[in-house]
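Asker: Let me begin by handing over the structure; questions about it come next.
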Amino acid sequence: MVDEVVTKGSTLKDAENNETGFLDVAANTLAVILIVALFAIQQIQQQSPFRVDPYAEEPPPLSFPLTVPRVFPPYSRYYLLFDDGIVSWDQEKAVRELVQQNFRTPVRADGTVVFSPMPFEGRDVDSYRVTWTPAFDELQKRLLLINDDTIPKLTEQLEASYKEANISPTFLVLASGMDAFAKLYPQLVDPKRNFRWRWYSWKKDRPIVISRSYKNFVTLGNAW
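According to the working numbering, the sequence shown is numbered sequentially starting from 1.
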């Protein structure tokens, strides 16, 4: 009887030891797996440009360059893109023609330019509106084709105008100039070049309206 009790007690004790040993092995295995996983994640983070660390060792595939902050918004120079080329509006010629006509009659400067004064808005700023209807037959004569030879020089000129005179380009892209703008775009977003620019899709029969008021120096300045 005693031998039978001892045998049963030993069996229960051995089962408990076996179960405890299995749990120890499982816990140790799980701990090893977690440690290996942590090292693997750390290794991936060190090799990835998208890790949490702001000092990425590799540049990301897409760049988001920051523009140079300025107190006043830049001046605008308008460029039309059509027929796989680009041409700028001769705004200086338009101003000279308007001055000669005392701003009273439409003038010809790469198209028809009409000056319209606007009501006084209570600020010490002369408000006006200029409507330019481009003459594409005239602009075609000065059209610069966009290709691998002309793009570098063009972007250098745009960057120099911004840094030296605070003049930024505004691109008005027609359907026939979308391919040309697509070729120019990589140079505009190149992080090595730091200047402001903007673009709009445009229709050939749509006039371009430019206005000046105190809003240009208050709220609209933030649009840049």
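Even glycine gets a Cβ: it sits at the ideal position worked out from N, Cα and C.
Give me the Cα-Cα distance between Ser211 and Lys192, rounded to the nearest whole angstrom.
Answerer: Walking along the sequence shown from the start, residue 211 turns up at place 211. Walking along the sequence shown from the start, residue 192 turns up at place 192. C-alpha separation (whole angstroms): 32 Å.
Asker: Given Trp202, which residues of its chain have a CB within under 7 Å of its CB, disregarding the five upstream and five downstream residues?
Answerer: Within the sequence shown, numbered from 1, the residue matching residue 202 stands at position 202. Leu172, Val173, Leu174, listed in sequence order.
Asker: Whole angstroms are fine: how far does the CA of Val25 sit from the CA of Val189?
Answerer: As a first step, residue 189 is located in the sequence shown; it is residue number 189 there, counting from the start. As a first step, residue 25 is located in the sequence shown; it is residue number 25 there, counting from the start. Taking the straight line joining both Cα atoms gives about 57 Å.
Asker: Quick check on this structure: which residue in Tyr78, Arg96, Tyr128, Gly111 has the alpha carbon closest to the alpha carbon of Pro237?
Answerer: Nothing in the structure corresponds to residue 237, since the chain is present only between 1 and 224.
Asker: How close, in whole Å, do the beta carbons of Tyr79 and Thr170 come, if the pair is a contact with beta carbons under 8 Å?
Answerer: Numbered from 1 along the sequence shown, position 79 holds the residue referred to as residue 79. Numbered from 1 along the sequence shown, position 170 holds the residue referred to as residue 170. With a Cβ gap of about 7 Å, Tyr79 and Thr170 count as contacting.
Asker: Hey, how far is the Cα of Val95 from the Cα of Arg206?
Answerer: Position 95 of the sequence shown, counted from the first residue, corresponds to residue 95. Position 206 of the sequence shown, counted from the first residue, corresponds to residue 206. Between Val95 and Arg206, the C-alpha separation is close to 21 Å.
Asker: Kindly indicate which residue of Trp197, Leu184, Gln140, Asp148 has the alpha-carbon position closest to the one of Asn166.
Answerer: As a working mapping, residue 166 is identified with position 166 in the sequence shown. It is Trp197 whose Cα lies nearest to the Cα of Asn166.
Asker: Scan the region 114-186 and note each continuous beta strand (DSSP E) run of 3 residues or more that stays entirely inside, going in chain order.
Answerer: As far as the region 114-186 is concerned, its whole beta strand (DSSP E) runs of at least 3 residues are 128-134, 167-173.
Asker: Given that a residue counts as buried once 16 or more other Cβ atoms are within 10 Å of its Cβ, and exposed if not, what is Asp137?
Answerer: In the sequence shown, residue 137 corresponds to position 137, counting from 1. Exposed, since its Cβ has fewer than 16 Cβ neighbours within 10 Å.
Asker: Helix, strand or coil: which one does DSSP assign to Arg228?
Answerer: Residue 228 cannot be examined here, being either before or after the span of the chain that is shown, 1 to 224.
Asker: To the nearest angstrom, how far is the alpha carbon of Arg51 from that of Thr29?
Answerer: In the sequence shown, the residue the question calls residue 51 occupies position 51. In the sequence shown, the residue the question calls residue 29 occupies position 29. Its pLDDT being 48, under 50, Arg51 is placed unreliably in this model, and the value from its coordinates should be taken loosely. Answer to the nearest angstrom: the Cα atoms are 28 Å apart.
Asker: Does the distance from the C-beta atom of Ala180 to that of Ile208 stay below 7 Å?
Answerer: Reading the sequence shown from its first residue, position 180 is the one you call residue 180. Reading the sequence shown from its first residue, position 208 is the one you call residue 208. Taking 7 Å as the Cβ cut-off, Ala180 and Ile208 do not qualify as a contacting pair.
Asker: Going straight from the alpha carbon of Leu144 to that of Glu164, what length do you get?
Answerer: By 1-based counting over the sequence shown, the position of residue 144 is 144. By 1-based counting over the sequence shown, the position of residue 164 is 164. Roughly 23 Å separates the two Cα atoms.
Asker: Considering only the alpha carbon of each residue, which of Ala109, Phe82, Asp83, Leu81 lies closest to Lys93?
Answerer: Position 93 of the sequence shown holds residue 93. It is Ala109.
Asker: Report the residue from Ala27, Leu38, Ser88 whose alpha carbon sits nearest the alpha carbon of Trp132.
Answerer: Within the sequence shown, numbered from 1, the residue matching residue 132 stands at position 132. That would be Ser88, whose Cα lies nearest to the Cα of Trp132.
Asker: On the three-state DSSP scale, how would you describe Thr105?
Answerer: Numbered from its first residue, the sequence shown carries residue 105 at position 105. Reduced to three states, the DSSP call for Thr105 is coil.
Asker: Among residues of its own chain, excluding the 5 on either side of Arg77, which ones have a beta-carbon nearer than 8 Å to its beta-carbon?
Answerer: Along the sequence shown, one-based indexing puts residue 77 at 77. The residues are Ser88, Trp89, Gln91, Ser161, Ile167, Ser168, Pro169, Thr170.
Asker: For a quick check, are the C-beta atoms of Pro106 and Val99 less than 7 Å apart?
Answerer: In the sequence shown, counting from the first residue as 1, residue 106 sits at position 106. In the sequence shown, counting from the first residue as 1, residue 99 sits at position 99. Not a contact, by the Cβ cut-off of 7 Å.
Asker: For Pro152, count neighbouring C-beta atoms within 10 Å of its own C-beta (all shown protein chains included) and say buried if the count is 16 or more, exposed if not.
Answerer: Walking along the sequence shown from the start, residue 152 turns up at place 152. Pro152 comes out exposed.
Asker: Roughly how many angstroms lie between the CA atoms of Leu158 and Asp149, to the nearest whole one?
Answerer: The residue labelled residue 158 in the question sits at position 158 within the sequence shown. The residue labelled residue 149 in the question sits at position 149 within the sequence shown. Their backbone Cα atoms lie some 16 Å apart in a straight line.
Asker: Output the distance between the C-alpha atoms of Pro117 and Gly111, rounded to the nearest integer angstrom.
Answerer: As a position in the sequence shown, residue 117 is number 117, starting the count at 1. As a position in the sequence shown, residue 111 is number 111, starting the count at 1. The alpha-carbon atoms of Pro117 and Gly111 are separated by roughly 20 Å.
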